[in-house]
Structure formats: C-alpha cells, structure tokens
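Student: A single structure is presented below for examination.
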Amino acid sequence: MTASLVDLWPGLLTSLTIAVAAMFVSSRYGGPTLLFALLLGIAFNFLSDHARVMQGVEFASRTVLRIGVALLGARIGVEQILQVGWVAVVLIVGMVPLTILFGRLIARRLDQSGQMGILTGGAVAICGASAALAISSVLPPSRSRERDTLFTVVGVTTLSTICMVFYPAVLSLFDLSDVQAGYIIGASVHDVAQVVGAGYVISEQAGDTATLTKLLRVAMLIPTTLILAFAATRFVTGGAGGAGKARVKVPTFLIGFVILAVMANLSVLPPVAVEAASTASSWCLVTAIAALGVKTAIKDFLELGWRPVALMVVETAFLAAAVATAVIVGGSSVVVG
Numbered sequence: 033m034t035a036s037l038v039d040l041w042p043g044l045l046t047s048l049t050i051a052v053a054a055m056f057v058s059s060r061y062g063g064p065t066l067l068f069a070l071l072l073g074i075a076f077n078f079l080s081d082h083a084r085v086m087q088g089v090e091f092a093s094r095t096v097l098r099i100g101v102a103l104l105g106a107r108i109g110v111e112q113i114l115q116v117g118w119v120a121v122v123l124i125v126g127m128v129p130l131t132i133l134f135g136r137l138i139a140r141r142l143d144q145s146g147q148m149g150i151l152t153g154g155a156v157a158i159c160g161a162s163a164a165l166a167i168s169s170v171l172p173p174s175r176s177r178e179r180d181t182l183f184t185v186v187g188v189t190t191l192s193t194i195c196m197v198f199y200p201a202v203l204s205l206f207d208l209s210d211v212q213a214g215y216i217i218g219a220s221v222h223d224v225a226q227v228v229g230a231g232y233v234i235s236e237q238a239g240d241t242a243t244l245t246k247l248l249r250v251a252m253l254i255p256t257t258l259i260l261a262f263a264a265t266r267f268v269t270g271g272a273g274g275a276g277k278a279r280v281k282v283p284t285f286l287i288g289f290v291i292l293a294v295m296a297n298l299s300v301l302p303p304v305a306v307e308a309a310s311t312a313s314s315w316c317l318v319t320a321i322a323a324l325g326v327k328t329a330i331k332d333f334l335e336l337g338w339r340p341v342a343l344m345v346v347e348t349a350f351l352a353a354a355v356a357t358a359v360i361v362g363g364s365s366v367v368v369g
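According to the numbering used here, the sequence shown is numbered sequentially starting from 33.
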C-alpha cells in the first residue's frame, strides 16, 4: 500500500493542484470550473512524458473520477423534483433516451462513431460534463474513448455557457410565465451551474424551477448509465448469445451512486453528510478532469475536425426545440404557470 501511494502521489498532487487553481480562477473571475480544470490540465501535457507523474494522473482520471460520480448520488432529491408536475416529469424522462438515440443517428450521418453519438447525446440530455464522464466510464474500451470524452466535456461546457447567455433573452420574446421559462432552461441547458445562472437571470421563481427541473435530469443518470453498462457488457461478450453466458458486471461506483441516492431520499443521511458528499464529489470530478487534461495533447484534439462540433450543436438544438415546443404549444397542461 505504501509503495503504491509513493508511486501515485506525484500525479495525484499535480492533478489536485491544477484542480485548486481551476476552482480559484472560477470563484475569482466566474466561469465553469470543469472547463478551467481541463484547459489548465492541457497546459501541463508536457508532464505526460514523465512516467512517474503519469501513474498518479492515470489513477486520478479513472479511480478518482468514479468516486466522484458515485458521490453524485447524494445530490438527488426526488421529492423536490416532483413538484414540477407529472407531465413535465414524463417529458424530461422521455427526452433523455430520445436525445441519446438522436445523437447516435446524427453521429452516423456525420461519419462519427455510434459511441460518440451516445456520449455526446447523454451529456446534452442529462447533466453535461458529469454525465459524459459517467457514461464514458461504462462504454466499451477503445483507443478514441478518452479523446472523445475530453471533446465532449469541452464541447458541452462551452455550449452550456453559450446557452446560459442566450436562452433567457430568447425566452423573453415569448409569452411565458417564469415557471415555464425556468422549466425550459432546466430541461435544456447542459450543466447545473449554467442552469442556475440562466434561471435566476429571469427571476427567483424561474431559477427555483430551473434548478428543480435540472435535478430531475441529473436523476436520469442512474438508469441511463446502468442501461448503457448492461448494453456495453452485451457488446463486449458478443451480442445476445454471448450475454446469456456472461454475468453483467455493474460498476461499483454505480452501485454507490444508487445507494447514496436512496439514502439521501430516505433521509438516512444527515444534511451535513449530504453536503460533505456533494463537496467531495465536486473536488473529485474537477481533479479527474484536470488529470484528463494532462493526458491530452492539443494536436490530438484538433484532429477531431468540425463534425463532432456540429454533432453537439445539432443535439443541443434538438433538445431545446423539442422542450420549448412542448411547453409553448402545451401551455399550462405541460407546466403550470
């Protein structure tokens, strides 16, 4: 154990230091912490030539990442989320698989892998960078998976920031109540921080509704990732025939995610424990993103071209258009204003 920690600490310390810097920049100047962590990490890519450092970096980008995803479960509050109404809940639940399937379809049209479509579609549909990291961890291993994951994190965070700026202005052109506007923002903007920012730009009521709606999308991370983990197992074992002979291994971090979510909603966990888990999750995810950045060379990222960018833009437009149309056409029957 001691030898292992000795091997890991240079890379872990490097990743944690970058995470601290990213959080400082974000709190001091504003902006998405995960994006800062990734960009700062990429700036330290020269460390990828040092094997001693990379052992800890690899550990941070995988094990620390999974710990962070597991701790996300403590953030889920079902009772509060259900306040938005059952029709609105059904719409959110339905849009998650539709957006993922749409992403897979468009990915094929743009000569991208189906895995890329699932990864970007899941990130757009659920909770941005956190969803991308969780989904990536259960997809079949491939040479391009980490590169695709990094692109998705950058892309979804950038698009989320753009949406945070423009969506409130666009929604003001329609005759919507604050609750309806907040619902559209919560159901279509990618990352939690940007949802909160965009919602409270409109009003406190819109911000509250946007936050609750967003939490419902975050809750969809549990069943979505479990289903994808099962599908990935079937794929790796050779389809339906092979799956019958193989046990589906549910990742430990997903089990932890579910357990924490259940405990949080049954009030088994005291508020201080929920807050501690949420804070620890944020630190783990930022540290993992910093480590992924250290592993990434800019030249590899630039080789992706314009098609992945177009893929995420189309997915974002699809989700926003579908939700906005449902609310505008359905009115109070979808979301009570």
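Ideal Cβ placement from N, Cα and C applies to all residues, glycine included.
(1) In this structure, does DSSP put residue 158 in helix, strand or coil?
(2) Can you tell me whether residue 273 is helix, strand or coil according to DSSP?
(3) Note the first and the last residue of the continuous alpha helix (DSSP H) segment covering residue 107.
(4) Which class does residue 59 belong to by DSSP, given the choice of helix, strand or coil?
(5) Taking just the CA atoms, how far does residue 207 sit from residue 238?
(6) Note the first and the last residue of the continuous alpha helix (DSSP H) segment covering residue 125.
(7) How long is the line joining the alpha carbons of residue 193 and residue 82, rounded to whole angstroms?
(8) Please report the residue range of the alpha helix (DSSP H) in which residue 203 lies.
(9) Buried or exposed: residue 347, going by 16 or more other Cβ atoms within 10 Å of its Cβ?
(10) Check each candidate in 363, 325, 338 and name the one with the smallest Cα separation from residue 70.
(11) With C-beta atoms as the reference, is residue 79 less than 7 Å away from residue 358?
(12) Excluding sequence positions up to five away, which residues of its chain have a Cβ less than 8 Å from the Cβ of residue 98?
(13) Would you mind reading off the limits of the alpha helix (DSSP H) that contains residue 247?
(14) Please report the straight-line C-alpha distance between residue 107 and residue 160, rounded to a whole angstrom.
(15) Compute the distance between the beta-carbons of residue 311 and residue 47, then report whether it is under 7 Å.
(16) Tell me the residue span of the alpha helix (DSSP H) that contains residue 91.
(17) Only counting the same chain, and skipping five residues up and downstream in sequence, which positions put a Cβ closer than 6 Å to that of residue 96?
(18) From residue 199 to residue 363, what does the alpha carbon distance come to, in whole angstroms?
(19) Do residue 150 and residue 136 have their C-beta atoms within less than 7 Å of each other?
(20) With a cut-off of 8 Å on the beta carbons, I'd call residue 103 and residue 292 a contact; round off their distance for me.
(21) Report the residue from 299, 153, 300 whose alpha carbon sits nearest the alpha carbon of residue 183.
(22) Straight-line CA distance for residue 203 to residue 125?
(23) Are the C-beta of residue 159 and some C-beta of chain C separated by less than 7 Å?
(24) Would you please state the rounded distance, in angstroms, between the beta carbons of residue 241 and residue 211? I believe it to be under 8 Å.
(25) Whose C-alpha, out of 224, 175, 258, 307, is nearest the C-alpha of residue 156?
(26) At the level of alpha carbons, what is the spacing between residue 289 and residue 236?
(27) Kindly indicate which three-state DSSP category residue 210 falls into: helix, strand or coil?
Tutor: In short:
(1) One-based indexing of the sequence shown puts residue 158 at position 126. Look at residue 158 here: in three-state DSSP terms it is coil, with no helix or strand label.
(2) Along the sequence shown, one-based indexing puts residue 273 at 241. Low confidence applies here, because residue 273 scores a pLDDT of 46, under 50, leaving its location unreliable; read the following figure in that light. Annotated three-state conformation of residue 273 is helix, per DSSP.
(3) By one-based count along the sequence shown, residue 107 stands at place 75. Annotation for residue 107: no alpha helix (DSSP H) segment contains it, and DSSP assigns it neither H nor E.
(4) Position 27 of the sequence shown, counting from 1, holds the residue named residue 59. Here residue 59 sits in helix by DSSP.
(5) Position 206 of the sequence shown holds residue 238. Position 175 of the sequence shown holds residue 207. Straight-line Cα distance between these residues: approximately 14 Å.
(6) Looking up residue 125 in the sequence shown gives position 93. Counting along the chain, the alpha helix (DSSP H) containing residue 125 begins and ends at 118-141.
(7) Numbered from 1 along the sequence shown, position 161 holds the residue referred to as residue 193. Numbered from 1 along the sequence shown, position 50 holds the residue referred to as residue 82. One C-alpha to the other measures close to 34 Å.
(8) For this step, residue 203 is matched to residue 171 along the sequence shown. If you look at residue 203, you'll find it in the alpha helix (DSSP H) that goes 177-203.
(9) By one-based count along the sequence shown, residue 347 stands at place 315. With a 10 Å radius around the Cβ and a threshold of 16 neighbouring Cβ atoms, residue 347 comes out buried.
(10) Translated into the one-based positions of the sequence shown, residue 70 becomes position 38. Looking only at 363, 325, 338, the smallest Cα-Cα distance to residue 70 is reached by 325.
(11) Counting from one through the sequence shown, the residue named residue 79 turns up at place 47. Counting from one through the sequence shown, the residue named residue 358 turns up at place 326. No.
(12) Within the sequence shown, residue 98 is the residue found at index 66, counting from 1. Same-chain partners within the cutoff: 169, 283, 284, 285.
(13) Locating residue 247 in the sequence shown gives position 215, where the first residue counts as 1. Annotation: the continuous alpha helix (DSSP H) that includes residue 247 extends over 236-251.
(14) Here residue 107 refers to the residue found at position 75 when the sequence shown is read from its first residue. Here residue 160 refers to the residue found at position 128 when the sequence shown is read from its first residue. Answer to the nearest angstrom: the Cα atoms are 15 Å apart.
(15) In the sequence shown, residue 311 corresponds to position 279, counting from 1. In the sequence shown, residue 47 corresponds to position 15, counting from 1. Taking the C-beta atoms as reference points, residue 47 is found no nearer than 7 Å to residue 311.
(16) Reading the sequence shown from its first residue, position 59 is the one you call residue 91. Annotation: the continuous alpha helix (DSSP H) that includes residue 91 extends over 83-91.
(17) Residue numbering aside, residue 96 sits at position 64 when the sequence shown is read from its first letter. Closer than 6 Å at Cβ, skipping near neighbours: 316, 319, 320.
(18) Stepping through the sequence shown from its first residue, residue 199 is reached at position 167. Stepping through the sequence shown from its first residue, residue 363 is reached at position 331. When rounded, the distance between both Cα atoms is 18 Å.
(19) Taking the first residue of the sequence shown as position 1, residue 150 is located at position 118. Taking the first residue of the sequence shown as position 1, residue 136 is located at position 104. Yes, the pair counts as a contact, with Cβ atoms nearer than the cut-off.
(20) In the sequence shown, the residue the question calls residue 103 occupies position 71. In the sequence shown, the residue the question calls residue 292 occupies position 260. Yes, residue 103 and residue 292 are in contact; Cβ-Cβ is about 7 Å, under 8 Å.
(21) Taking the first residue of the sequence shown as 1, we reach residue 183 at position 151. Of the candidates 299, 153, 300, the residue whose Cα lies closest to the Cα of residue 183 is 153.
(22) For the purposes of this step, residue 203 is taken as the residue at position 171 of the sequence shown. For the purposes of this step, residue 125 is taken as the residue at position 93 of the sequence shown. Separation of residue 203 and residue 125 (C-alpha to C-alpha, rounded to the nearest whole angstrom) is 22 Å.
(23) Of the protein chains in this structure there is only one, and it is not chain C.
(24) Taking the first residue of the sequence shown as position 1, residue 241 is located at position 209. Taking the first residue of the sequence shown as position 1, residue 211 is located at position 179. About 5 Å; that satisfies the 8 Å criterion.
(25) Walking along the sequence shown from the start, residue 156 turns up at place 124. Taking only the C-alpha atoms, the option nearest residue 156 is 224.
(26) Mapped onto the sequence shown, residue 289 falls at position 257. Mapped onto the sequence shown, residue 236 falls at position 204. Between residue 289 and residue 236, the C-alpha separation is close to 30 Å.
(27) On the sequence shown, position 178 is the one that residue 210 refers to. The answer is helix: DSSP assigns residue 210 an H, G or I state.
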